[in-house]
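Chemist: To start, I am sharing the structure in question, which I have written as structure tokens.
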Amino acid sequence: MVEYSGIKEIIKPVNLVYKKSEIMTENTLSYCPGCGHGTAHRILAEIIGEEGLQSEAIGVSPVGCSVFMYNYLNIDWQEAAHGRAPAVATAIKRLLPEKFVFTYQGDGDLAAIGTAETIHACNRGENILIIFINNGIYGMTGGQMAPTTLPGMKSSTSPYGRDVRTMGYPLKITDIVATLPGSYYVTRQSVHTAANVKKTKKAIRKAVQYQKLNKGTCLVEIVSNCPSGWKMTPVQANKWMEENMFPYYPLGDLKTPEE
Amino acid sequence: MVEYSGIKEIIKPVNLVYKKSEIMTENTLSYCPGCGHGTAHRILAEIIGEEGLQSEAIGVSPVGCSVFMYNYLNIDWQEAAHGRAPAVATAIKRLLPEKFVFTYQGDGDLAAIGTAETIHACNRGENILIIFINNGIYGMTGGQMAPTTLPGMKSSTSPYGRDVRTMGYPLKITDIVATLPGSYYVTRQSVHTAANVKKTKKAIRKAVQYQKLNKGTCLVEIVSNCPSGWKMTPVQANKWMEENMFPYYPLGDLKTPEE
Amino acid sequence: MAKIRGSIVVNVERCKGCEVCMVTCPTGTIAMAKEVNGKGYNYAFPANPELCIGCANCAMVCPDGVITVYKTKI
Amino acid sequence: MAKIRGSIVVNVERCKGCEVCMVTCPTGTIAMAKEVNGKGYNYAFPANPELCIGCANCAMVCPDGVITVYKTKI
Amino acid sequence: MERELRLMKGNEAVAEAAIRAGVDGYFGYPITPQTEIIEYLMEANPAETTGMVVLQAESEVAAINMVYGGAACGKRVMTSSSSPGISLKQEGITYIAGAELPCLIVNVVRGGPGLGTIQPAQSDYFQATKGGGHGDYHLIVLAPASVQEMADFVDLSFELAFRYRNPVMMLSDGAIGQMMEKVYLSPQKERSKTVPEWATTGKPSTRERNIITSLDLDPNRQEVFNQKLIDKYNEIREKEVRFEEFQVDDAEYILVAYGTSARVCQKSVQLARSQGIKAGLLRPITLFPFPTQRINELAGHVKGMLSVEMSAGQMVEDVLLSVNGKVPVYHFGRMGGIVTTPEEVVEVLKSKFIGG
Amino acid sequence: MERELRLMKGNEAVAEAAIRAGVDGYFGYPITPQTEIIEYLMEANPAETTGMVVLQAESEVAAINMVYGGAACGKRVMTSSSSPGISLKQEGITYIAGAELPCLIVNVVRGGPGLGTIQPAQSDYFQATKGGGHGDYHLIVLAPASVQEMADFVDLSFELAFRYRNPVMMLSDGAIGQMMEKVYLSPQKERSKTVPEWATTGKPSTRERNIITSLDLDPNRQEVFNQKLIDKYNEIREKEVRFEEFQVDDAEYILVAYGTSARVCQKSVQLARSQGIKAGLLRPITLFPFPTQRINELAGHVKGMLSVEMSAGQMVEDVLLSVNGKVPVYHFGRMGGIVTTPEEVVEVLKSKFIGG
Amino acid sequence: MTEEIIIAGFGGQGVLSMGKIMAYSGVMQDMEVSWMPSYGPEMRGGTANVIVIISTERISSPIIRHFDTAIILNQQSLDKFENSIKTGGILIYDGNGITRHPERKDITIYRVDATEEASRMNSPKIFNTIVLGGFLKIKPIIRIENVIKGLKKSLPERYHNLIPMNEKALIRGEEIIKEIQKAKL
Amino acid sequence: MTEEIIIAGFGGQGVLSMGKIMAYSGVMQDMEVSWMPSYGPEMRGGTANVIVIISTERISSPIIRHFDTAIILNQQSLDKFENSIKTGGILIYDGNGITRHPERKDITIYRVDATEEASRMNSPKIFNTIVLGGFLKIKPIIRIENVIKGLKKSLPERYHNLIPMNEKALIRGEEIIKEIQKAKL
Ligand SMILES: Cc1ncc(C[n+]2csc(CCOP(=O)(O)OP(=O)(O)O)c2C)c(N)n1
Ligand SMILES: Cc1ncc(C[n+]2csc(CCOP(=O)(O)OP(=O)(O)O)c2C)c(N)n1
Ligand code: SF4
Ligand code: SF4
Ligand code: SF4
Ligand code: SF4
Ligand code: SF4
Ligand code: SF4
Ligand SMILES: [Mg+2]
Ligand SMILES: [Mg+2]
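Protein sequence lines, in the order shown, are assigned to chains A, B, C, D, E, F, G and H.
In terms of the working numbering, the first sequence opens at residue 16 and continues consecutively.
In terms of the working numbering, the second sequence opens at residue 16 and continues consecutively.
In terms of the working numbering, the third sequence opens at residue 877 and continues consecutively.
In terms of the working numbering, the fourth sequence opens at residue 877 and continues consecutively.
In terms of the working numbering, the fifth sequence opens at residue 2 and continues consecutively.
In terms of the working numbering, the sixth sequence opens at residue 2 and continues consecutively.
In terms of the working numbering, the seventh sequence opens at residue 12 and continues consecutively.
In terms of the working numbering, the eighth sequence opens at residue 12 and continues consecutively.
Printed below as a string of structure tokens:
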């Protein structure tokens with residue numbers, strides 16, 4: 016392992032403050048540089064590790080850039096058909112109600128082809144966690160317009176910018192889910208800064224607790240970047256995200272349990 | 016034609032106040048006695064007749080009891096696959112933008128299997144009219160639970176009453192559609208009394224006007240009965256509907272254009 | 877003051893005997909026949925034709941479009 | 877007052893050179909190398925190690941889990 | 002323990018047999034002519050007795066993906082539908098085949114194409130046996146010819162499904178699904194507690210993580226996997242062929258028919274023999290694997306074969322492939338939901354082979 | 002007017018040819034390896050020039066049902082996808098076949114089953130030719146072997162689709178879709194203004210209403226309709242068979258291959274001949290209708306046939322059915338997204354027929 | 012012995028359950044039976060029918076086009092099935108609501124006014140058991156004791172109190188036919 | 012004549028467009044060409060490659076496993092494709108970033124430090140045109156004038172101002188090879 020380190024004297028186990036979770040495997044992530052998927056994975060892995068859920072967790076990956084997620088977290092996994100992860104997770108949780116079951120889905124997966132499965136799983140209040148990576152684009156297939164693509168935003172299938180008159184409006188599916196009686200905790204976060212990473216981690220931890228208590232569906236949206244699809248550097252992409260995505264998809268809780 | 020008439024002297028053309036629309040064909044409706052589908056058909060036929068839309072109208076029937084609707088209105092029709100009428104209508108309207116295009120769908124069709132097509136057509140603001148017959152049940156297949164079935168309501172697939180914990184909550188899809196920027200006019204009506212028939216007719220007429228002006232998607236929900244599925248007489252069914260369906264699905268406009 | 881009188885015509889063979897018209901009629905004009913039509917339904921008929929005010933409520937709620945309504949002032 | 881000092885370890889071969897850690901670091905500890913790693917990326921490294929306060933911000937935002945952070949009071 | 006005698010619809014028999022077989026989960030969506038399956042299950046409410054999960058999904062697509070999820074947990078799960086619904090499930094089915102998951106899919110076939118009719122048909126043979134979904138895969142396909150078999154094949158299906166890690170389709174039709182017949186039901190089994198070693202049930206520290214996927218972007222590895230599937234299918238072809246014969250020993254003409262058509266043809270054989278025509282019947286019970294070898298053998302002794310199906314002629318291709326030119330093979334079948342009569346079959350037999 | 006020369010991907014060629022052919026509408030959903038089709042169309046923005054509608058649907062299911070709606074208006078409409086997406090479209094496809102609607106469906110095949118791989122394959126042959134959806138129906142299936150044919154077959158597809166009121170599938174693969182080759186493009190055609198008499202365009206007073214449906218609950222009427230379809234398919238079998246031959250005249254061994262495999266096999270023929278083996282190639286251009294008769298004729302003159310496909314062996318069944326036992330028939334093909342090499346084919350040819 | 016029967020009438024007339032009782036009775040007598048309803052939305056239109064086959068042999072198709080016996084409860088069904096009865100077969104029909112009576116000469120026709128009789132017996136619901144009794148008088152393929160057993164099997168426990176009434180109805184049906192047969196002699 | 016070429020490197024190095032220019036040039040010289048990219052998410056990982064075939068005959072498969080010429084722009088690609096070159100074939104590689112150099116003895120290997128050269132020429136983007144020039148010097152299957160025509164065809168109008176620069180790069184590539192070849196003599 017080639018390493019480059021700062022001051023050597025400080026580097027000893029007792030001083031360790033941050034280390035990649037053991038739940039992460041040694042496989043190199045297949046994501047583009049700076050892609051938020053990796054950060055989201057890491058957070059999830061940390062929680063699974065910290066909460067001792069490795070033997071409880073069953074993850075469902077979508078079709079999308081995160082299709083290979085099963086290579087990266089050292090837990091049991093199922094790879095679902097495009098858009099169907101909530102249906103897959105429904106069956107898992109119903110048959111293994113003691114397990115921690117979650118899906119991890121992109122915006123194309125969850126809000127386009129999977130619209131019906133998303134809404135109905137949430138409406139049934141399935142005791143699952145849905146982690147929803149909203150990067151406003153179809154990353155894996157090379158940057159096509161997603162339901163969440165912003166008005167005027169360019170993509171390979173909206174090369175002149177999304178024209179809402181013919182291509183529709185960005186779909187705020189998380190807002191819809193929040194209105195359903197079956198959903199319990201619905202929140203929108205991001206992972207592009209350390210502060211946001213902390214908040215997202217807190218949100219996911221809450222969702223884990225609620226699932227233990229059989230409270231219903233929890234959905235954590237993570238507004239994220241897609242430097243490749245957006246044709247920006249990662250740093251530019253994060254900035255653009257703050258300036259353009261957040262106004263449309265404001266961060267914060269959309270539905271919290273009345274405590 | 017065997018007829019039974021009241022006072023003969025009054026029966027002359029000049030005194031005519033109500034007659035079945037010419038747009039209705041001579042075919043006998045296949046619906047059960049007292050089923051609201053027939054009334055909804057009649058209203059639609061009247062508007063098509065009164066607005067001179069016979070040569071403009073293209074209807075899309077769903078899979079559901081109204082699958083044979085093309086036998087009853089004397090206009091061009093397409094019979095769509097279960098749940099897909101909004102997608103079918105999308106293409107018709109895009110290719111023939113001058114025509115009056117509408118779908119007519121049941122709650123199973125529109126709010127279960129067709130959830131994605133419904134939401135995305137409305138989200139794109141397709142210039143179509145969706146007439147949505149919500150009878151809280153799958154009529155055609157013999158009375159199974161629909162997404163709209165009320166809590167505790169019995170059906171052949173919820174024989175002990177809909178248990179919201181395992182079967183989910185009644186889905187208010189019309190409310191969801193009303194939140195989408197692509198929808199223009201969204202209203203909930205009924206056809207079980209003369210007064211309601213008039214209101215529904217007015218609503219559909221509005222929708223017709225809006226479509227002419229390319230305003231976006233209009234959705235008219237008609238909360239209706241299913242005497243067979245509910246295992247009631249038609250008169251009982253209408254009463255039950257008022258007492259149980261309306262509180263959950265309150266009649267009235269959900270979204271009106273800011274005029 | 878002119879009185880309003882109505883009259884309805886029921887297409888008996890198409891009636892399905894649902895009784896919706898009967899309960900809707902504000903004047904009690906309509907009743908259901910004891911006899912059945914060819915489809916086996918006890919059909920609606922103007923049992924009290926003189927009560928009819930031609931309001932067309934019955935026709936408006938009839939799912940099968942069975943009723944035609946006439947009205948006049950007398 | 878005890879001063880807090882940190883130190884990071886970058887797993888160079890896994891770095892994708894996205895620069896996210898660099899812009900996140902509150903102290904300017906990190907810079908990007910002129911050289912590329914085996915994957916062709918200019919990787920991150922602690923250019924100004926003495927500035928590091930061990931806040932772990934860099935590690936938290938690194939998508940590839942490349943950075944390990946140590947901290948101590950001196 | 003004795004088997005219980007009941008008069009039941011085929012659809013009800015599947016449902017009751019599923020409960021008794023200790024099935025863990027059923028996921029379905031209503032469609033005629035098989036809705037009684039979910040209705041029966043909901044009424045029986047096995048959640049209270051065996052703990053079986055019964056869920057009405059929002060669509061056939063959701064249902065088949067629920068089956069994927071449940072099967073991947075090593076559970077005995079099933080779905081049922083009829084032709085249009087089965088078409089919708091094709092993506093899910095090929096995923097299940099590609100992930101090598103055991104499960105049962107019941108198709109109570111109705112006439113097509115499209116919305117078609119709701120009456121019985123056998124026009125989904127190609128879809129079931131050749132693969133309606135994309136990619137090279139096969140389902141094990143069982144064709145019941147009675148209500149009794151609809152019940153019995155539930156257990157058999159899961160046995161085969163788990164033995165080969167392969168989805169099984171029960172290809173029934175509207176007639177068998179809707180009719181009532183006598184049926185002897187097996188006693189209640191307990192739900193299985195054994196967890197297959199590949200199942201995703203949460204990774205204990207004692208084993209590597211389990212991954213269920215049908216994806217491999219590396220063509221070389223994918224080809225190895227494809228070859229593994231071929232080998233499996235060949236093993237199934239070798240070991241699992243099931244069929245029934247009726248008066249074939251001295252037969253000069255063989256009717257080949259499955260399901261409802263086979264019932265009709267049994268009578269046709271009697272009728273033909275009463276007219277001095279030596280007919281026999283071969284009824285494939287497994288459509289995949291098809292009784293290719295046996296038909297090829299029989300082709301050596303007879304003058305011709307007639308494939309009788311309620312379709313435009315689908316299984317006849319497998320009969321032709323089996324016979325491989327040895328004797329003439331014809332097809333006869335009614336369509337659109339019409340069930341063939343024994344008399345019609347004999348007429349066709351005569352006109353094709355005997356002249357007149 | 003002269004044809005314009007371009008270097009294009011197969012996917013781009015389909016898109017450009019669609020614009021030039023005056024197609025009215027395209028409805029699709031991204032999936033590798035065919036996403037360039039919708040990307041090209043969006044970039045070209047024909048709404049501004051020909052008025053063609055290009056719409057990214059929310060799913061493949063929505064897209065195929067949009068095709069249904071558009072085709073029912075008598076418009077020239079199309080969709081495209083790759084294997085998993087095509088599986089999802091099966092219900093829609095059988096509806097389109099059942100309603101007898103003309104349209105073009107492009108499948109740029111990748112390896113399966115399930116999510117499989119994104120590399121080229123030919124493992125959707127059964128699905129395309131036998132009917133992946135339920136019920137008795139057939140698509141007309143065209144198999145392009147070059148970028149040029151991907152362009153040319155757009156026009157041909159619509160011609161056939163409208164002539165027979167039947168959906169047409171262009172069965173390509175990831176290699177032809179992704180590769181660039183020279184292509185000569187036809188000049189821009191105007192979009193057709195003729196409205197077929199069956200189309201739903203709003204009922205004028207001058208005709209009865211038009212109804213597009215695939216439903217008929219009356220089995221007798223439905224059977225008449227099924228028979229009408231059979232008659233149509235038989236007419237297509239008679240009139241529309243297309244194939245290409247390469248050195249078959251004196252051949253002792255015939256390779257049968259379509260699409261990318263056919264390109265490989267053409268080289269194999271040369272290679273074999275250079276080694277003194279008289280090989281020839283028959284390339285089916287239409288997979289349905291299949292060149293059954295021609296293959297049967299050829300079987301009379303040769304010693305054997307080898308079906309070369311990038312699959313576990315699918316078209317080989319049609320070759321066997323055509324040959325009907327006259328000579329031995331084998332299958333060879335790579336899978337998982339691997340393209341066969343000319344050398345491999347010759348090796349197999351030798352080992353199967355010549356020994357060693 | 013194989014008896015192929017069609018029972019047809021309005022949806023609400025208990026056509027399917029009459030068939031079911033018949034089939035269950037056959038089972039009780041250790042015979043092979045099949046019961047095949049018309050299904051689907053046509054039932055909505057108001058008519059329903061069921062094919063019951065009772066046999067000592069394995070039954071081939073449950074769906075057949077010609078019948079030994081037709082039991083007909085309304086006009087539409089009469090129109091539809093009169094010509095499906097085999098020559099020499101039997102047609103039993105309830106006269107209630109029938110405007111065009113059956114005309115075939117090559118079959119034996121029995122009119123049983125069961126609806127009337129049932130309301131005379133103050134249990135309008137048992138009219139179809141009366142018809143069944145009549146049928147079994149004509150074709151004694153199943154013994155009454157097995158019909159009672161069949162009733163017990165096919166009726167949910169909570170309706171078992173109705174069995175005595177049904178037994179009476181069976182006997183009344185037999186009597187009616189006896190009278191008709193006497194008259195025919 | 013058939014020349015089967017693989018070009019491979021990092022995603023951003025213009026591998027695909029070098030192939031495209033080559034293919035277009037072939038078209039300009041009236042030859043048959045095929046251009047087949049590696050596609051799909053593997054590109055994300057950072058490597059990209061394209062197979063270009065230029066021939067006087069109809070081209071069989073666009074996907075092949077052995078090549079006459081490999082043009083290699085990074086270490087991963089060198090590792091992956093070194094063994095795919097036919098005996099007697101040619102390997103051209105850019106030394107930039109290469110840590111393990113090619114070792115085969117049965118092929119002719121040319122190292123062209125085009126990245127360096129390009130930055131010397133102040134247009135880092137044209138490094139692959141330099142390589143192309145070098146290749147055409149070794150295998151003069153296409154005339155430079157047709158490459159220029161190909162460039163014009165494959166570049167969008169707005170980039171045509173870059174053509175003179177590219178021409179220079181082509182020539183520079185030829186020169187580099189000339190020097191190497193001289194050295195090799
Ligand atoms: C049925 C089907 N349709 C389409 C595809 C192609 N496909 C793969 S991923 C994807 C979109 C992914 O976008 P998103 O869900 O937003 O995930 P991201 O890659 O952006 O994380 C599509 C359309 C597929 N694999 N299967
Ligand atoms: C793909 C598919 N799935 C299921 C069915 C069966 N089916 C027909 S109608 C229907 C439900 C109809 O209910 P709804 O839409 O509420 O209409 P209603 O009959 O109540 O008016 C179902 C499930 C079908 N025809 N196709
Ligand atoms: S394409 Fe976009 S979403 Fe996918 S890995 Fe790259 S940056 Fe991330
Ligand atoms: S089943 Fe219900 S919805 Fe259908 S026609 Fe009858 S009453 Fe109406
Ligand atoms: S018109 Fe009015 S008053 Fe007359 S019968 Fe009808 S409802 Fe009654
Ligand atoms: S509402 Fe119409 S169908 Fe119903 S009883 Fe009255 S007339 Fe008859
Ligand atoms: S730990 Fe904090 S100070 Fe140190 S390099 Fe990382 S971000 Fe900078
Ligand atoms: S954030 Fe991680 S991958 Fe990105 S530059 Fe820093 S260390 Fe490298
Ligand atoms: Mg995305
Ligand atoms: Mg409904």
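Just so it is clear, CB atoms sit at the ideal spot from N, CA and C, and this is done for glycine as well.
Just so it is clear, the structure is predicted and the values come from calculations on it, not from any experiment.
Listing by chain order, which chain F residues have their CB less than 8 Å from the CB of E94 of chain A?
Modeler: On the first sequence, residue 94 of chain A is found 79 positions in, with the first residue counted as 1. Simply L116.
Chemist: Determine, for V17 of chain A, whether the minimum Cβ-Cβ distance to residues of chain D falls below 8 Å.
Modeler: Working through the first sequence from its first residue, we reach residue 17 of chain A at position 2. Yes, its Cβ sits closer than 8 Å to a Cβ of chain D.
Chemist: Would you say the beta carbon of N150 of chain A comes nearer than 7 Å to a heavy atom of ligand 3?
Modeler: Counting from one through the first sequence, the residue named residue 150 of chain A turns up at place 135. True, at least one ligand heavy atom lies under 7 Å from that Cβ.
Chemist: Just the C-alpha distance for N142 of chain B and Q228 of chain F, rounded to the nearest angstrom, thanks.
Modeler: Locating residue 142 of chain B in the second sequence gives position 127, where the first residue counts as 1. Locating residue 228 of chain F in the sixth sequence gives position 227, where the first residue counts as 1. Cα-Cα distance, rounded: 39 Å.
Chemist: Using 8 Å as the threshold, is the C-beta distance between C919 of chain D and V32 of chain A below it?
Modeler: Looking up residue 919 of chain D in the fourth sequence gives position 43. Looking up residue 32 of chain A in the first sequence gives position 17. In the sequence as presented, Cys is not what sits at residue 919 of chain D; that position holds Tyr. It is not a contact, given that the beta carbons lie outside the stated cut-off.
Chemist: Buried or exposed: A878 of chain D, going by 16 or more other Cβ atoms within 10 Å of its Cβ?
Modeler: Here residue 878 of chain D corresponds to residue number 2 of the fourth sequence, with the count starting at 1. Looking at its Cβ environment, which holds fewer than 16 other Cβ atoms inside 10 Å, A878 of chain D is exposed.
Chemist: Just reading off the alpha helix (DSSP H) that S275 of chain E is part of, what are its end residues?
Modeler: Position 274 of the fifth sequence, counted from the first residue, corresponds to residue 275 of chain E. 260-275 is the span of the alpha helix (DSSP H), which, as asked, contains S275 of chain E.
Chemist: Leaving out five residues before and five after T293 of chain E in sequence, what residues of the same chain have Cβ atoms less than 6 Å from its Cβ?
Modeler: Sequence index remark: in the fifth sequence, residue 293 of chain E carries index 292 (1-based). These residues qualify, in order along the chain: S323.
Chemist: Please tell me whether Q189 of chain E has its Cβ less than 8 Å away from any Cβ of chain G.
Modeler: Along the fifth sequence, one-based indexing puts residue 189 of chain E at 188. No, Q189 of chain E lies away from the interface with chain G (no Cβ there is under 8 Å from its Cβ).
Chemist: Measure the alpha-carbon distance for M54 of chain G versus V54 of chain F and round it to whole angstroms.
Modeler: Numbered from 1 along the seventh sequence, position 43 holds the residue referred to as residue 54 of chain G. Numbered from 1 along the sixth sequence, position 53 holds the residue referred to as residue 54 of chain F. Below a pLDDT of 50, predicted positions are generally treated as unreliable, and M54 of chain G, at 49, falls in that range; no measurement from the model is reported.
Chemist: CB of G882 of chain D to nearest heavy atom of ligand 7: below 7 Å?
Modeler: Your numbering for residue 882 of chain D matches position 6 in the fourth sequence. Yes, the beta carbon of G882 of chain D sits closer than 7 Å to at least one heavy atom of ligand 7.
Chemist: Does any CB atom of chain H fall closer than 8 Å to the CB of A176 of chain F?
Modeler: Here residue 176 of chain F corresponds to residue number 175 of the sixth sequence, with the count starting at 1. Chain H, which has a Cβ nearer than 8 Å to the Cβ of A176 of chain F, makes this yes.
Chemist: Given R99 of chain A, which residues of its chain have a CB within under 7 Å of its CB, disregarding the five upstream and five downstream residues?
Modeler: Here residue 99 of chain A corresponds to residue number 84 of the first sequence, with the count starting at 1. If we look at R99 of chain A and ignore the five residues flanking it on each side, its Cβ neighbours are G129, E132.
Chemist: At the level of alpha carbons, what is the spacing between K34 of chain B and V886 of chain C?
Modeler: The sequence position of residue 34 of chain B within the second sequence is 19, counting from 1. The sequence position of residue 886 of chain C within the third sequence is 10, counting from 1. Whole-angstrom Cα-Cα distance: 11 Å.
Chemist: For N259 of chain B, which residues from the same chain have a beta carbon less than 7 Å from its beta carbon, with the 5 sequence-adjacent residues on both sides left out?
Modeler: Translated into the one-based positions of the second sequence, residue 259 of chain B becomes position 244. Closer than 7 Å at the Cβ level, and outside the excluded window around N259 of chain B, lie L165.
Chemist: I want to check one thing, is the minimum distance from the CB of E92 of chain F to the heavy atoms of ligand 2 below 7 Å?
Modeler: As a working mapping, residue 92 of chain F is identified with position 91 in the sixth sequence. For ligand 2, at least one heavy atom lies less than 7 Å from the Cβ of E92 of chain F.
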